[in-house]
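Asks:
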Amino acid sequence: TVGAVAVDAEGNIACATSTGGMLNKMEGRVGDTACIGCGGYADNRVGAVSPTGEGEAIMKVTLARLILFHMEQGRSVEAAADEALAYMKDRVGGLGGVVVVDPQGEWSVRFSSLQMAWAAAQQQTLHYGLYTGE
Amino acid sequence: MLPVLVVHGGVGIIPKERVQLSCAGVQAAVRGVYSKLQGQGSAMDAVVEAVTLLWNDPHFSAGLGSVLNAKGEVEMDAIVMDGRYLASGAVSAVRKVANPVQLARLVMDKTSHLCLTGEGASQFARSMGVPEVPEESLITEYARMRWKKNLAADANPVECQMGKMG
Chain A
3 TVGAVAVDAE
13 GNIACATSTG
23 GMLNKMEGRV
33 GDTACIGCGG
43 YADNRVGAVS
53 PTGEGEAIMK
63 VTLARLILFH
73 MEQGRSVEAA
83 ADEALAYMKD
93 RVGGLGGVVV
103 VDPQGEWSVR
113 FSSLQMAWAA
123 AQQQTLHYGL
133 YTGE
Chain B
3 MLPVLVVHGG
13 VGIIPKERVQ
23 LSCAGVQAAV
33 RGVYSKLQGQ
43 GSAMDAVVEA
53 VTLLWNDPHF
63 SAGLGSVLNA
73 KGEVEMDAIV
83 MDGRYLASGA
93 VSAVRKVANP
103 VQLARLVMDK
113 TSHLCLTGEG
123 ASQFARSMGV
133 PEVPEESLIT
143 EYARMRWKKN
153 LAADANPVEC
163 QMGKMG
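Protein sequence lines correspond, in order, to chains A and B. Numbering-wise (the working numbering), the first sequence opens with residue 3 and increments by one. Numbering-wise (the working numbering), the second sequence opens with residue 3 and increments by one.
1) Closest to Arg-93 (chain A) by C-alpha separation, out of A:Gln-117, A:Ala-36, A:Glu-85, would be which residue?
2) Is there a Cβ from chain B that is less than 8 Å from the Cβ of Tyr-130 (chain A)?
3) Against Ile-15 (chain A), what residues of chain B qualify as contacts under a CB-to-CB distance less than 7 Å, listed in chain order?
4) In chain B, which residues lie with their C-beta within 9 Å of the C-beta of Gly-135 (chain A)?
5) Is the CB-CB distance between Ala-83 (chain A) and Val-63 (chain A) below 8 Å?
6) Residue range of the beta strand (DSSP E) that Gly-55 (chain A) falls in?
7) Taking the C-alpha atoms as reference points, what is the distance between Val-109 (chain B) and Met-83 (chain B)?
8) DSSP state of Arg-31 (chain A), grouped into three classes?
9) Using a Cβ cut-off of 8 Å, pull out every chain B residue sitting near Cys-10 (chain A), in sequence order please.
10) So for Thr-119 (chain B), helix, strand or coil by DSSP?
11) Need the endpoints of the beta strand (DSSP E) that Gln-117 (chain A) sits in, please.
12) List, in order along the chain, the chain B residues whose C-beta lies closer than 9 Å to that of Gly-55 (chain A)?
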């Protein structure tokens, strides 16, 4: 799975996610990516999320929309992502990762798995990482 | 501080020999697209272009280099969403289409639906003039190796792809 979130100079927000699915999946198995609110969600008033991970778990907790609910309740992009990923791990035992952005340009990269390749650009700085805590 | 672009290349175990290229891939995608965002490009264009760049990178399991289904075939899912109007488009279980994220955007822009799946998505692609690509062109040796390795009865594909719980 690969994904992106962006907020442009006008403050418009968007997300995109694309995947080949899960290794050796049953033919016809569809994961979270194509399900709105799970494999992606974007709202100019709140923010955008592109998730990746165990699709069935992401769908059970509607991970993308859940993160934006937390942000609507005032959590930061990081806290909202952490709370939602912890809930998914605790409630349905699923691992995953997300990239999140809000209309003010606050952004976060969080994941409960061991690795997630990511990169972010803001102003003249390129950020990137792979392991937790980078 | 606007604009901002953030991309990911999926979670899960990345073998050591692929780590550097995976990290390079996400950085290249951001570098390639961010300058357009700074030049007043739209967020929607930026996310579609960034995902397209990653899709075409065989070191990610999205498009070229997709993981295979139980029959050794490629079925892809994609979604886009535009925060201005809560507009969205998605395709699922689509085959032989390059850059399904662009097809997802056509679903958003050209239909009143949110998701098209399987053969219907392929027919829509043809109606939009999106070229069909040979399935073989989407399958890498690495993906085929992982598929074969996980055909064994005692294999655990989820654990193989995601790694053990952290």
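By construction, the Cβ of each residue, glycine as well, lies at the ideal position given by its N, Cα and C atoms. None of these values were measured; they are calculated from a predicted model.
Replies: With the given structure in hand:
1) For this step, residue 93 (chain A) is matched to residue 91 along the first sequence. Of the listed residues, the one whose Cα sits closest to Arg-93 (chain A) is A:Glu-85.
2) Looking up residue 130 (chain A) in the first sequence gives position 128. Output row for Tyr-130 (chain A): interface = yes.
3) Along the first sequence, read from residue 1 onward, the residue named residue 15 (chain A) stands at position 13. Within 7 Å Cβ-Cβ: Ala-45, Gly-85.
4) On the first sequence, residue 135 (chain A) is found 133 positions in, with the first residue counted as 1. Residues of chain B passing the Cβ test: none, with the nearest at roughly 12 Å.
5) As a first step, residue 83 (chain A) must be located in the first sequence, where it is residue number 81. As a first step, residue 63 (chain A) must be located in the first sequence, where it is residue number 61. No, these two residues do not count as a Cβ contact at 8 Å.
6) Taking the first residue of the first sequence as 1, we reach residue 55 (chain A) at position 53. Note, Gly-55 (chain A): beta strand (DSSP E), 49 to 55.
7) By 1-based counting over the second sequence, the position of residue 109 (chain B) is 107. By 1-based counting over the second sequence, the position of residue 83 (chain B) is 81. As the crow flies, the alpha-carbon of Val-109 (chain B) is around 11 Å from that of Met-83 (chain B).
8) Looking up residue 31 (chain A) in the first sequence gives position 29. Looking at Arg-31 (chain A) - three-state DSSP - the assignment turns out to be coil, as it is neither helix nor strand.
9) The count along the first sequence starts at 1 and reaches residue 10 (chain A) at position 8. The sequence given here has Asp at residue 10 (chain A), not Cys. The contacting residues are Leu-4, Pro-5, Leu-39, Gln-42, Gly-43, Ser-44, Ala-45, Ala-48.
10) Against the second sequence, residue 119 (chain B) aligns to sequence position 117. Note: Thr-119 (chain B) maps to strand in three-state DSSP.
11) Working through the first sequence from its first residue, we reach residue 117 (chain A) at position 115. Note, Gln-117 (chain A): beta strand (DSSP E), 117 to 124.
12) Within the first sequence, numbered from 1, the residue matching residue 55 (chain A) stands at position 53. Within 9 Å Cβ-Cβ: Gly-12, Val-13, Gly-14, Met-164.
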